[in-house]
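Sequential numbering of the sequence shown, starting at 636, is according to the working numbering.
Glycine included, C-beta positions come from ideal geometry on N, C-alpha and C.
It should be emphasised that the depicted structure is a prediction, and the values quoted were computed from it without experimental measurement.
One structure below.
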Amino acid sequence: MNEQQSDPPVPVTPRASFSALAVVAVVLAFVPFCPPINALGAVLGVIAWRRIRESMGRLAGRRTSLTAIFGGIFMSIVTLVGFQQLAEMMEKQQSMEMGVALDGFLEAIENERYDESLKWWSIRDQQIGHEELVEFGAGMRAEYGELESVRIGKMTTVSGESLFAPQANCWIICRFDSGVRNGSARFVLQTSTGSWTLVPLLIELRIDGEDGEELVLPAEVTAPADASVGTPSSGGEE
C-alpha cells in the first residue's frame with residue numbers, strides 16, 4: 636500500500652506590527668503653536684523611519700514616519716514665521732499707542748489741562764504732583780514754544796517690577812515751533828478690559844534742552860531712563 640504523500644507546510648510570514656514610535660512622532664509633529672514639539676516629532680519620525688527600514692519587514696508605518704518628518708519641519712517653520720509676524724505687528728501697534736499716549740499727555744500739559752493729562756500717566760507706579768505738572772508745562776512753553784508733533788523713534792521693552800506689567804523705554808522726537816528736540820520716555824504696559832494689547836501709561840518723561848539741560852517728570856528723577864536706548868544729541872532729528 637502506497638503511502639499518500641503530503642505537501643510540505645507553507646511557511647507563514649508573520650504580520651508586520653505597526654510602529655508605535657511612528658504614531659507618536661506624527662502626533663507630536665502636528666501639535667499646533669508649539670515649534671519645539673513639532674521639531675521633536677520630526678526627530679522621532681527619523682528614528683522611527685530608520686527602525687522600520689532595518690526591521691526587515693517586521694515593522695510597518697514607513698509613510699507615517701515620513702509624514703511626521705516633513706510635517707514636523709513644515710509646522711515648525713510656519714509657526715515660527717507666524718509668531719515673528721505677530722510679534723512685529725504687536726510691536727508696531729504698541730509703538731503707535733505709545734505715540735498717542737505721549738501726544739495726548741503733552742497736549743493736555745501744554746493747554747493746562749493737568750487733571751486730564753493724568754489719564755496717560757500711571758499714578759499707581761509713579762506718583763506725580765500737580766505742581767510738577769504745572770512747572771513742566773510752564774518750562775516746556777518757555778523753553779521750546781508750541782508743540783507741533785511728537786513721535787516714537789525707538790522702543791525697547793524691559794522687565795518691570797511685575798511680570799504682568801513690563802516696561803518700555805523709548806527715544807522720542809518732539810517738534811516745537813522753535814525746532815526739534817529729542818528726549819526719552821518710560822512706559823509701563825498694563826492690561827485693560829476690551830483691549831487685545833497692553834495699554835501704555837507714562838511713568839517718566841524727559842525732553843532735552845540746550846546746554847545739557849532737560850525737562851524731567853517726575854522732577855526728582857535724575858538718572859538716565861535706560862542706557863540701552865541711545866538718545867541722539869538734542870539739536871534735532873538724525
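Separation of the CB atoms of alanine 854 and glutamate 767 is rounded to 5 Å, and the pair is thereby assigned contact status at 8 Å. When DSSP reads this structure, tryptophan 684 sits in no beta bridge, so it has no partner.
Beta-bridge partners assigned by DSSP to alanine 695: Phe653. For alanine 800, there is no enclosing alpha helix (DSSP H); the enclosing beta strand (DSSP E) covers residues 800 to 811.
Among the bridge pairs identified by DSSP, lysine 789 is matched with Trp806. Annotated three-state conformation of valine 666 is coil, per DSSP.
Beta-bridge partners assigned by DSSP to aspartate 843: Glu849.
The C-alpha of alanine 683 is placed about 12 Å away from the C-alpha of leucine 675. The shortest CA-to-CA distance from arginine 693 to any of Glu726, Leu753, Ala655 is the one to Ala655. Three or more beta-carbon pairs drawn from the segment 736 to 747 and the segment 775 to 783 are found closer than 8 Å, and the two stretches are therefore classed as touching. For alanine 854, no alpha helix (DSSP H) segment is defined, and its DSSP state is neither H nor E. Here glycine 788 is near isoleucine 808, since their CB atoms are less than 7 Å apart. Rounded to the nearest whole angstrom, the C-alpha separation of isoleucine 763 and glutamine 720 is 37 Å.
DSSP places glycine 772 in the uninterrupted alpha helix (DSSP H) bounded by 765 to 779.
For serine 819, the enclosing beta strand (DSSP E) stretches over residues 814 to 825.
Glutamate 783 sits in a strand when the DSSP states are folded into three classes.
In the three-state DSSP reduction, serine 794 falls in the strand class (E or B).
Classified as exposed, aspartate 846 has fewer than 16 neighbouring CB atoms from the shown chains inside 10 Å of its CB.
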